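Protein chains in written order, with my numbering: chain Y, 1 to 522; chain X, 1001 to 1174; chain W, 2001 to 2643; chain S, 3001 to 3100; chain H, 4001 to 4493.
Below is one structure, written out as structure tokens; comments come after it.
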Amino acid sequence: MSQILSWIVLLPALTGLLILLLPKSLEAKSRQIAVIATLIVAALALWAAQAFDVNAADPLHFHIRTEWIPMLGIHYDLALDGMNLPLVLLTVLLTPLAFIGTWNQTSGDSTMQKRMSALVLIMETGALGTFLAQDLFLFYIFWEVILLPAYLLIGMYGGAERMKTTLQFFLYTFAGSILMLVGIAWLVHMQSQTTGHPDASFQALMNLKIPFASSQGPAGLFSTQGLLFAAFAAAFFIKAPLVPFHAWLPSTYRQAPTLVSIYLAAILSKMGTYGILKILIPMFPEAAHSFQPVLMSLAAFGIVYGALLAIVQTNFKTAVAYSSLSHVSYILLGLFSLKAEGMGGALLQMVNHGIAIAGLFMISGFLEKRRGSLELKDFGGWAPQTPVLATGFMVIVLSTVALPGSGGFVGEFAILIASFRVNGYITAVAATGMVLGAVYMLNLYQKTMFGRYVDDYVKKVADLDFREIFVLVVLGIFIVGIGITPQPFVAPSRTAIEDSAKRVSPNDALPERQAVPGQVSR
Amino acid sequence: MVEPVVLILAIVVALLAALTVFSRSPISSAFSLVMMMVALAGIYGVSGAHFIAALQAIVYAGAIMVLFVFSIMLLNMNDEHNEIRFRSWKTVLACLGAASVLAGLSYAFIQWSSEANGPTPGIMTLEQIRSIGGNVVAVSGAMFSQAYVQFEFISLLLLVAIASALVLAKRKVD
Amino acid sequence: MNLAVLSDLPFWILIVPLIGFFLNGVVIPLASGGITKTKPMISGGIATLAMAVSFVLAVIAFTRLGGESGALQYTGFKWIDFGNLSVTLNLRIDRLSSLMTLIITGIGTLIHFYSISYMSHEKGVARFFAYLNLFCFAMLLLVLSDNLLFLFFGWEGVGLCSYLLISYWYEEESNADAARKAFLVNRIGDLGFVLGMCLLYVQLGTLSFTEMMALISPTTSVALLSLAAVFMFFAATGKSAQFPLYVWLPDAMAGPTPVSALIHAATMVTAGVYLFARMYFLFELSPELMTVVAYTGALTALLGGILALAQTDIKKVLAYSTVSQLGFMFLALGVGAYQTAVFHLMTHAFFKALLFLGAGSVIHGCDGEQDMRRMGGLAKAMPVTYVTMLLGSAAIVGLPIFSGFFSKDEILYMALGAPRGSWILFGAGLLAAFLTGVYTMRMLTQTFWGEAKAGIHGHESSWIMTLPLIVLALLATFGGFLGFPHEMGHWFGIEHSHLLSAWLAPVVQQVEIVTGSSPMPEIVVSILAVSIAIFGLVAGKTFLKNISFETSPVLKRLFVGQHFMDTFYSSCIVAPLYWISRRLVQTFESNVMNNIGGWIGVGSNWSGERLRLTQSGDIQLSMLSLMAGLAFVVGILIFWVAV
Amino acid sequence: MNSGTILHILSAYLFSMGLLALILRRNTIVMLMGIELMLNAVNLSFVTFARELSQLNGQVQVFFIITIAAAESAVGLSILINVYRNFGSIKTDRTTVLRS
Amino acid sequence: MSFSSMFPMNFIEGQQWLGILPLFCMTLTAIATLLLSALRHQGRAVAFAMLLIGSIAAVASTVVFPFQDTIVILDGVLVFDRLSQVFSAICVLAGLAAALMTLGFDEREELQPEYFTLIAFAVVGMVAMVSTRNLVFFFISLELMSLAVYVLVSMHRQSPMAAEAGLKYFLLGGAASAVLLYGASILYGATGSLDVTGIREAFQSQWNGHLPLLPLVGLGLFSVGFLFKIGAFPFHVWIPDVYTGAATPVTGFMISAVKAAATGALLRMCLELFVGPVSTEPTLVVIISAITVATLLFGSFVGVRQTRLKRIFAYSTIVHTGYVLLGFLALLGGGEGAKDAASSIVSYTIFYVVMNLGAFAVLTMISPKDNDDLTLDQLTGLGRRRPMLAFAMSVFLLSMAGIPPTAGFFGKYYLFSAALSSGYVWLTIVAALASVVSAVIYLRPMVYMYMKESEESFQVVPAIWLGSNIIVVLSLFLTVMMGLLPAWFSNLL
């Protein structure tokens, strides 16, 4: 079991390759195999999470560290820690759910389905590897592993403008990540200069003192730390995305097939925010501090901007895409607050947003499957025909509008509190997202579920089938569960994040804690 | 100090080179080139490189240029005329470029003539060469003691030339 | 009953409606094979039972509380503990909560019961009762929470249920619109709540009421806390339908009438008043703000009265009446009479629930007709409804001995006598009381009296509906004696005749009117108020009988239909917002944020044009390029060395 | 300025002339001659440097270069013949099928 | 002074023969194939078999006798060390691979059996090129290689494109060689030595590293010749046309072996000339930086517009030249990054050769008869018709684009790392951004293979040739292996 993380990370990709090699006669079974593999991964991950000890002396659980490319100090280095635990669980749970929830939606023949399953599995490996990697280079490798399957999936299964869209998606993310690659190379070089032997692991790099121009403002950008910050930020901000690096997002989410949209919005964007949490902020604390006003402003702007654009969309999926933009900006606001509770709230919000946006895209898949279109003008009055769908949709809407009692609220509240401690005005702007978010979500809900139906089509619409209900119920349980008792979900990451916050905001006193926080019940 | 013979030959070479480039028909270009090579052989001779001078006259002016002229005749190309369009911007640009390369190199050479830290000259002065039996003996001695690998390699080059003729010029075997 | 169970009482009071919600929302639909096949008797029965149990528990809690001035505390769990953020979920019943709990569960039970009959013709009533139970749960959470955060849970929860219930008949687009409007306007208010809460937490480090009260002292940073108070007031204006955020409440009448009675009259809309009473220590930091609150209340009271006059829909009349009464409560709050506000909250809950249920009965009897102009002469057809409505009207107008008399007079007295009171507030209150008389009389006249109109043949509702009417009528009639003024109590030789005040005194502040500081004694105020109210009634019956805003174009534009606030909002806020959004989509998103692929395309096109020559395949040009490179290299070298 | 420098400049001149021939002329055979011109420039340069340096090495290289030039022109002429067979001309403006 | 003391005879003896063995094997092979290809029957098969045996022998001799010491023959006319062994092996194997992928193709396109002879001669030239310090011997071997390749390019006799390409390559290549040689002569004149070690000593002892104009100009001219061979802007002009016109396997040979040989030789020159006490001329750095940036941008932006596959690869190779130049800059930057830079250049070259060979093997198989100038349209639907072939092609393309976990990614990272170590931050950023643009070059074929609907008229039925298949499978395996375990392949020096 010492290699459990390797299994968790590599099993999906191996299964994916296996699926690719399936003979024609077995192709029809590809999705069953994929789901079984993802369930095994989920079981392994849950086992690992259950064995996770908040009070362990070594924060890195199930640590695997093997030399890989010695001359560049690169290791195969995986570990479960407080920061990645929630995201790993999110990934392993959402992947099978995404498969199950989109079971009847994949178009094309069995070969196409086979390829789709395989590529999604490879994406899962990329995501899990990104979260679990404790070596910067390895992080990058897994980060990029995602890119190609996503590119192919959008390009092969997407909507009418898929080729343009997928190219754009690829280029944006690639542009960001290649700059990060330069940053990694530079950082490892500096590390090697300081200590004499290169080491790309996070721990080694965290101890690096990177020179930063002490003066506030743009001058800092051109110091070493500023440039490195920018290089990493490019990757993370594009992936997340932070306005104005979001140009790839709307069309990509819209054109991608449902399964991929779920993956992109729920998991891939979390890779960006996770990168900010895990790398950008703790490694470049002075730069992060110096750019904080700009970044928080951008995040707050993104909240409002995404919401405003979501309001006027006439396509369900595009509206959801912009809503995602708005919500991710919340996460970013929390991260850039550089406060423990803000970052913790952001981490929780990553999970919440992952669940909620997965739900929304599932819903869009359900709608599209039943209607053959996602233009809002084609919808209306579904609630009487599909009460279960309407209910499930409502639960997800509530999480999206951050209603207290849903997961969405907890994160946003923590984020707003933290942000308020930094800047009240920015927070006030950001908080308007609450109202605007309600505007577009209720619009969407009303235009699809309420009102009179557009034509007789709706009479033939069937309510959710068993698989779809199952998926929504699981998502709903998590939404409500996190909303009501968030503490068990944030407790594992608390130490890690508070340490991180201490690095970046040393002056921000945290309450004294017992060495063994007894009140944290698991 | 410039030896007058060298100067005269240099001027002749320069004129013939220009003729080669700018003359109307390929055949006159070829003949200018032959003449130029002969003149160049003269320069080599004056410079003490007798072996090279002979080689230049025999191989270049003899063999290679015959090949050229032969090809011109064979491919019946002599009716084609000089096609340089002097008004063209490309021509102007080319001349400017050539002039600047020439100027740059000349500048470098002239500056070099006053360079103090140049390499120490070797022992093979003209007198020394004369003493060991003349230029041909000296050159062959140097070649076959120090440069026989190159010499051998040149043979491979000639083999490639043969192969190329086999491959490209041979009539198609049907 | 041992102590452990007792301390769990708040939990059970809270959770029983939730169980009802769960049964109605999940179990019953599953058991009866689809939500549309659920039976009103079963669903309604379960829901009512849940509320009744909760009520009984609330009564037990009340009795337990009676002996001591302390509170019942239920320690929940650590909700979140992260960084500097730490909140624990605790429930707490003190005297104010207890009163609120009784109102909510009591009136809630009655309305649930009423709904069994009222909703009997609907398909899928389980959904309705589930929502209703969920609402009660949220409302109870709101009043039981010992901290601001969970109060906010309830606060938003009731907003959600309000949304769900207003849009209950969602096939009508307008109902859905109304629901959305209610939710969004409330959300705007909640924005203030969240910001206020953040500010309080950042300032005080806690959200628990008791701890906050302990921490707030005159030495604390008053400026920021006052700002928090402003935010909270803003939140309250949304929830309690004060100017300028009252616009959602009339539209909210799109929901079923029991919903209007429970949510939009008795309980939810009074959450703002509860918030003020609960957090008086915060609001009292800023007398300026409280003055604003008082004037806002007065303005709202007046505006509600005027708007009520303009309505033809019986429910809209009552809705604006609610707005007006809530204005009274805020007037009381503003001058510092928190207990009085709670008192009026209670009496208003009684009589307004009664009036709504009565109106519901009328509508039910008229087969869904809501336009008063098409009603008339229903008194004979619906005697019980008529009588109870009459009692409720008497209460709202404030005729002596009826509950509204006591509470409204107290408010007027406070408006005049309290240190922050003034003649203006008092005058506005009187005018509003006058308007109350007018619109009430107008409603009664048009509905019950006169000739029956063609096509409307009212019939009395079943006992299930009339029973709650009767109970509420009794409460509306006699509930006011809980707040029998001290001054008058002295005449009857009763110490502490104001029972409510005595009950609330340990937890809710009340401004003291020093004897003689008031321009008029309370009895004079009472007489004045009653006279005004009766004058209003008379006016409503006589010279203002046929008042109609339809005839005057100005008035019509201002007060009828899409009245001025709606127009203001839609043209000054909503339209610009959409305009900006569309602009952004059309210009920025599609043009400026052009894609990177496009940039590369542009770049390659540009370079392709420029570099076309080098790619032409022309040997001469290739050579030229070669030589250019050569010249470049030589040139740079010479330049570098020579210069 | 001594005769060595003059010869160097002459070699630079020949070199530039060779380049010029390659750029200006469209007749492939003249372009071949341009290459020969350039190689001759190199030879001249080697010989002159050899004399200046009193070394034999330079002259030895010239021997090789002349041989290479022979081989190169042989290959060049076979390529020319191949082109002529394909296009019926050896003028570069008539021998273009490769365009992007 | 006696004649024999004046011209001391330098014999090749003892261990030196061991070093010369690969060169010797290849030379024998070349001559033998020349003779054997004249056989009337089975000329091709016999010639190929000969080439196969000779190449294996040559590679085996490098593998069997690895040495750490440097063997110097005739004052550096031939030098055998790790570098020469590694690059000899690369070139021999690439030549063999090119021969292998021609099997089948040559019969269909009626290439003469001398094809293998010429490959062998070219490889001899390459092996010599990477094993010499002598400028003129370098020129001779370069010419040997070039002449053979000129002919290879032209030998697709039925194709006017090939003829034109050959002519172009010959004329431009001839000019470039002349420039290079002129640079060599100037260097000789300025330092009195034709040997790189001698030149370096002269640089050091005469001018203490601060060169006067003439040797600088000599270096410049010499570099121009190199830059031409590796295809840097603005000396890249021949690449698109020649790569398009030549037969596909020949292009594969050029893009892999010729480029590797030029890179190896340049690496040797740079290592011997500059690394160590002699500081690099800042002027050269400026020039090469400018050329690097121009090469990267030009290759990327122009490559994006191409629609013909071989042209696409031609521009791709220009971009890759830019990356290699980045490595050379890192090398010239000296200091501690130099060793890493050399390693990175070597590993990048190996990765690059492998992925290009694979890609061209695929191209060879999908090219239709008598017209192997493939367009993107002809790839349409390949993902369905030949999924494995398309998959392999995708892996090669991705490797070229530098997407992990392929070889190309690591190669790029290693180069970037080396460049950053030498302080070229902005240049690295430019290179990184160029790689984003150039990613489009590689993605477009994938779009056609996987995302466009197949139209009958464009379908090309891929040939199934054993040799090409072997190359594809091997390259695929190596590309992935090198991506996963790059350390095995990057510590060769």
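Heads up, the beta-carbon is just placed ideally off N, CA and C, and yes, glycines get one too.
Model, not experiment: these values are computed from the prediction.
By the rule that beta-carbons nearer than 8 Å mark a contact, Y/GLN3 does not touch chain W.
Taking 9 Å as the upper bound on Cβ-Cβ separation, chain X lies near residues TYR4182, ILE4186, GLY4189, ALA4190, THR4191 and GLY4192 of the region 4181 to 4192 of chain H. Only buried fits W/TYR2131, as 16 or more other CB atoms lie within 10 angstroms of its CB. Against chain W, the CB of H/TRP4238 has a partner CB under 8 Å away; the residue lies at that interface. Beta bridge pairing from DSSP links H/PHE4080 with H/ILE4071. Residue pairing for Y/PRO404: DSSP places it in a beta bridge opposite Y/SER406.
Against chain W, a Cβ distance below 8 Å from H/THR4283 picks out ILE2636, LEU2637, TRP2640 and VAL2641. With a 10 Å radius around the Cβ and a threshold of 16 neighbouring Cβ atoms, W/PHE2406 comes out buried. Contacts with chain H at 8 Å (Cβ-Cβ) do not include Y/ALA57. Counting only residues of its own chain and dropping the five nearest sequence neighbours on each side, Y/LEU80 has a CB closer than 8 Å to the CB of LEU5, ALA48, ALA49, PHE52, LEU60, HIS61, PHE62, VAL88 and LEU132. Residues of the region 331 to 365 of chain Y whose Cβ lies closer than 9 Å to any Cβ of chain W, in chain order: LYS339, ALA340, GLU341, GLY342, MET343, GLY344, GLY345 and LEU348.
In this structure, S/ALA3021 lies near X/THR1020, with their beta-carbon atoms less than 8 Å apart.
GLU3052, LEU3053, GLN3055, ASN3057, GLY3058, GLN3061, PHE3064, ILE3065, ILE3068, ALA3071 and GLU3072: these are the residues of the region 3052 to 3073 of chain S whose beta carbon lies less than 8 Å from some beta carbon of chain H, given in chain order. For a Cβ distance threshold of 9 Å, nothing in chain S lies close to H/TYR4352: the least Cβ distance comes to about 23 Å. Secondary-structure assignment with DSSP links H/ASN4469 through no beta bridge to anything.
DSSP places W/ASN2090 inside the beta strand (DSSP E), whose first and last residues are 2085 to 2093. Nearest CB-CB separation between X/MET1035 and chain S: not below the 8 Å threshold. By the neighbour-count definition (other C-beta atoms within 10 Å, threshold 16), X/ASN1117 is an exposed residue. Residue state for W/HIS2348 is assigned as helix, using DSSP reduced to three classes. Under DSSP, Y/ASN315 takes part in a beta bridge, and its partners are Y/GLU375.
In chain order, LYS1090, LEU1093, ALA1094 and GLY1097 make up the part of chain X whose C-beta sits under 8 Å from the C-beta of W/LEU2624. Against chain Y, a Cβ distance below 8 Å from H/ALA4487 picks out TRP68, ILE69, PRO70 and MET71. Chain Y has a Cβ within less than 8 Å of the Cβ of W/CYS2198. Approximately 7 Å separates the beta-carbon atoms of X/LEU1157 and H/ILE4140; this is inside 8 Å, confirming the contact.
With a cutoff of 8 Å on beta-carbon distance, X/ALA1165 and S/ALA3074 are scored as near each other.
Counted as a single uninterrupted DSSP element, the beta strand (DSSP E) harbouring Y/LEU80 occupies residues 74 to 80. Taking a beta-carbon distance threshold of 8 Å, H/THR4070 does not count as an interface residue toward chain Y. Per DSSP, W/GLN2073 is one residue of the beta strand (DSSP E) stretching across 2072 to 2082. For S/THR3028, the closest Cβ of chain H is nearer than 8 Å. Contact between the region 4340 to 4360 of chain H and the region 4250 to 4270 of chain H is present, with at least three C-beta pairs closer than 8 Å.
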